[in-house]
Structures are given as C-alpha cells and as structure tokens.
Amino acid sequence: QKEVEQNSGPLSVPEGAIASLNCTYSDRGSQSFFWYRQYSGKSPELIMSIYSNGDKEDGRFTAQLNKASQYVSLLIRDSQPSDSATYLCAVGFNTNAGKSTFGDGTTLTVKP
Amino acid sequence: DAGVIQSPRHEVTEMGQEVTLRCKPISGHDYLFWYRQTMMRGLELLIYFNNNVPIDDSGMPEDRFSAKMPNASFSTLKIQPSEPRDSAVYFCASSWRGYNEQFFGPGTRLTVL
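Residue numbers (this note's numbering), protein chains in the order written: chain A, 3 to 114; chain B, 614 to 726.
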C-alpha cells in the first residue's frame with residue numbers, strides 16, 4: 003500500500019462544474035496536508051495547505067481534511083480551463099520534520 | 614524575493630559523463646529537497662537536508678548519485694557516470710521548518726543519450 007494515494011485519473015469536468023480530487027494516507031501520525039498544482043512542463047506550485055480537521059476555503063478552492071478517515075480532498079468550484087493541470091497531494095508527518103510524501107497526482111481537464 | 618533557482622534548465626549529455634545540477638534555495642529556508650520526476654515513477658524524493666546536513670538519502674538510487682550542501686545558499690546533485698535511465702526532470706525545493714510547505718524551483722530537464 004502506498005503511503006499517499008490519489009484517485010486515479012484522468013478526471014474531466016465541464017467548465018463551471020465542481021471538480022473533486024481525493025487523497026488518502028496511511029500514517030495516522032500525519033499532521034500537515036498540501037495540494038500542489040503542476041501544469042504540464044512546469045514545477046509543482048503549492049495552492050492549499052491544511053492542518054486541522056474540517057474545511058479550508060481559498061477563493062474557488064476548498065480543502066477538506068478528515069483525520070479519522072485519513073482522507074483529504076480538494077474541491078474546485080466553477081472550474082475553468084486554466085485549472086487543467088495535475089494535482090498532487092502531499093502529506094507531512096509532523097510539522098517540524100520538513101519532509102512530505104507525495105501522491106502520484108490526478109490529472110484534471112476542464113472542457114470549455 | 615527570488616524563488617528557488619536551479620541551473621542549468623536543460624542538460625543533454627552522453628552516457629558515462631558527469632552531470633552536476635545546482636540549486637539555490639529561498640533565503641532563510643532551512644530545508645532543501647532534491648526530487649526526480651518521470652512519467653513512470655512520478656515525483657520521487659532523492660535526498661533532503663536540514664541546516665546543510667543530509668537527513669535522509671534513502672531515495673538516492675545508487676552510488677552514482679551524490680549530493681552536497683556546502684552552505685545555506687547552495688546545493689549540488691551530481692551523477693557520475695550518467696546513464697540513459699537517469700533522464701528525468703530534477704527539481705529542487707526548499708521550505709522553512711514548522712510548515713512543511715515546499716517551494717519548488719523550475720527544474721532541470723536532463724537527457725542522457
């Protein structure tokens with residue numbers, strides 16, 4: 003079992019729809035959770051971080067964390083073609099260790 | 614403030630040659646990470662440093678790979694001798710302790726012929 007697993011893609015949604023990206027992790031001691039966006043040919047870019055159970059909203063993006071279920075998700079509302087990218091989930095094991103483990107990513111395509 | 618800087622951006626070399634990749638982290642960050650990304654294997658952590666000291670090099674594929682961080686503003690990843698299977702994009706990232714949020718450089722695309 004991988005330490006961080008993401009729902010297999012690719013994921014395709016129409017423009018204006020909600021895109022839902024999911025991630026599960028195996029280590030119950032994990033304390034920090036991140037979503038990175040990577041456009042084709044570019045480097046990963048941090049878009050959301052979440053540390054506590056519940057929802058965290060930033061513009062059209064909402065990260066949801068459920069530590070009991072070892073589950074973290076990213077919702078993108080009003081999806082735009084510019085959101086088409088690969089989204090990487092990353093999990094850190096404690097806030098001072100520095101290291102994060104990345105999932106394999108989910109590729110999202112938003113169709114006009 | 615400038616982000617993470619990597620050089621070269623592209624490197625094409627022949628099998629058996631030595632390759633050196635360079636990274637300058639964001640000023641004030643005390644963690645530095647080297648990753649390799651391929652279509653087949655995704656994003657792999659090779660090694661990371663804290664305060665210039667290597668903490669975990671378990672991801673380094675073999676002895677042909679080595680990494681150094683002589684000071685807080687510079688790190689190198691060296692491959693000697695290089696092989697075609699080393700062809701990948703190599704990313705350097707840095708972070709500040711306590712947050713784990715990593716900031717990635719633009720990457721070096723390495724092609725070994």
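Where is the CB? At the ideal position from N, CA and C, for every residue including glycine.
Of all residues in the region 32-46 of chain A, only Ser34, Phe36, Ser45, Pro46 come within less than 7 Å of chain B when Cβ atoms are compared, listed by chain position.
As the crow flies, the alpha-carbon of arginine 649 (chain B) is around 12 Å from that of arginine 698 (chain B). Glycine 56 (chain A): member of the beta strand (DSSP E) spanning 56-60, first to last residue. Under the criterion of beta carbons closer than 8 Å, tyrosine 89 (chain A) and arginine 39 (chain A) qualify as touching, at roughly 6 Å. Contacts between serine 102 (chain A) and chain B, judged by CB atoms closer than 8 Å, involve Asn713, Gln715 in chain order. Contacts with chain A at 8 Å (Cβ-Cβ) do not include arginine 635 (chain B).
About 17 Å separates the Cβ atoms of phenylalanine 104 (chain A) and glycine 31 (chain A), ruling out a contact at the 8 Å cut-off.
At least one beta carbon of chain A lies nearer than 8 Å to the beta carbon of serine 708 (chain B). The beta-bridge partner set that DSSP reports for glutamine 66 (chain A) consists of A:Asp57, A:Ser75.
Residues of chain B with a Cβ closer than 9 Å to the Cβ of glycine 18 (chain A) do not exist; the shortest Cβ-Cβ separation is about 30 Å.
Interface criterion met: the Cβ of leucine 90 (chain A) is under 8 Å from a Cβ in chain B. A straight-line Cα-Cα distance of about 36 Å links glutamate 627 (chain B) and glutamine 8 (chain A). The beta-carbon separation of leucine 726 (chain B) and valine 617 (chain B), rounded to 28 Å, does not stay under the 8 Å limit for a contact.
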